[in-house]
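Student:
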Amino acid sequence: MELRQQDVTRYVEPLREGGSLPALVEADDGFTYALKFKGGGHGPKVLLSELIGGEVARAAGLKVPELVFLDLDSRYGITEADEEVRELLEASRGVNLGLHFLKGSFTLDPYANPVDEFLASKIVWLDAFLMNVDRTVKNTNMLVWKGEPWLIDHGASLYFHHNWESRMQAASSPFPYIKDHVFIHKASKLDEADKYMAEKITPELIREIVSLVPDEWLTWEGADQTPDEIRADYITILTERLRNRERFVSQAKSAHNGVRI
């Protein structure tokens, strides 16, 4: 398993307001990407969540835009007129993460663009496993492209790494925020989804995906560890969550049964 690595050639425009200021960029392969900057917002932890979340979803057969490592060299952005953008570019030298831009896509509306119960249940399972707090009615973080739903923006997953000292608690915890999931009302096939996802997402797959994370994304304040030691913690936590998945699956079932539409 590997991700392509390309060089950014042009900053096109910011995608939306927000602390991380993701942007639309062009790369030297001729394609356009939604770029997440390691120098924005919560720093490289957002990119790490995006990479792990996106590749786990892809391995489970869900549709995710291609993820690509995008490099910003030291010359890029020197002539940028916007001071905030220039500072962001300067803070993001090196390896960042891009999602292939799905031209012509639009935001999924869960009522205007319904999905079937099995797919909804798989997405609920995925987000409970990844502890993704940001797939709600207000912000579905899904696009419709060529008539199918595509998952984007897993940056709010794995939120345990924002409180690194207590990270191991996440290994066996349920996920109460699943009650706010955009598809919780449709997740009537969680038992079937659990069997399917457990066959697709294995400890070996988790190790392979986490190994993709670049060393430069694995140094942050509060973690007196080497990149390999931090990777090992992510592997342990996610493998244990997989082993203890009945806890978050039961929580999701309770949330589904308590929903009133």
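In short: position in the sequence shown from 1, add 628, done, that's the working numbering. Even glycine gets a Cβ: it sits at the ideal position worked out from N, Cα and C. Just so you know, these numbers come straight off a predicted model, no measurement behind them.
In three-state DSSP terms, what is Asn-791?
Tutor: Reduced to three states, the DSSP call for Asn-791 is coil.
Student: Could you give the DSSP three-state label for Val-810: helix, strand or coil?
Tutor: Residue state, collapsed to three classes: coil.
Student: Determine the extent of the beta strand (DSSP E) in which Phe-729 is found, giving its start and end residues.
Tutor: Taken as a continuous stretch (DSSP letters only), Phe-729 belongs to no beta strand (DSSP E), as it is neither H nor E.
Student: Leaving aside the five residues before and after Ser-733 along the sequence, list all residues of the same chain whose C-beta is less than 8 Å from its C-beta, in chain order.
Tutor: Excluding positions up to five away in sequence, the list reads Leu-771, Val-772, Trp-773, Trp-778.
Student: Which residues in the same chain have their Cβ closer than 8 Å to the Cβ of Pro-650, if we skip the five residues on either side of it in sequence?
Tutor: Pro-642, Leu-643, Arg-644, Ala-662, Leu-663, Lys-664, Phe-665, Gly-668, listed in sequence order.
Student: With DSSP as the reference, label Met-770 as helix, strand or coil.
Tutor: Of the three classes helix, strand and coil, the one that applies to Met-770 here is strand, per DSSP.
Student: Within its chain, find whatever has a CB closer than 6 Å to the CB of Thr-764; leave out the 5 residues flanking it on each side and keep chain order.
Tutor: For Thr-764, where only same-chain residues beyond five positions count, the Cβ hits under 6 Å are Asp-808, Val-810.
Student: Give me the Cα-Cα distance between Ile-889 and His-813, rounded to the nearest whole angstrom.
Tutor: Below a pLDDT of 50, predicted positions are generally treated as unreliable, and Ile-889, at 43, falls in that range; no measurement from the model is reported.
Student: Based on Cα-Cα distance, which residue from Ala-860, Lys-881, Ile-863 lies nearest to Ser-816?
Tutor: Ranking the options by Cα distance to Ser-816, first place goes to Lys-881.
Student: Report the partner residues of Phe-734 according to the DSSP bridge assignment.
Tutor: In DSSP, Phe-734 forms a bridge with Val-772.
Student: Could you give the DSSP three-state label for Thr-660: helix, strand or coil?
Tutor: Three-state result, Thr-660: strand.
Student: Assuming Ala-685 and Leu-833 make a contact with CB atoms under 8 Å, what is their CB distance in whole Å?
Tutor: Their Cβ separation, rounded to whole angstroms, is 12 Å, which puts Ala-685 and Leu-833 out of contact at 8 Å.
Student: Tell me where the alpha helix (DSSP H) around Val-877 begins and ends.
Tutor: Taken as a continuous stretch (DSSP letters only), the alpha helix (DSSP H) holding Val-877 covers 873-885.
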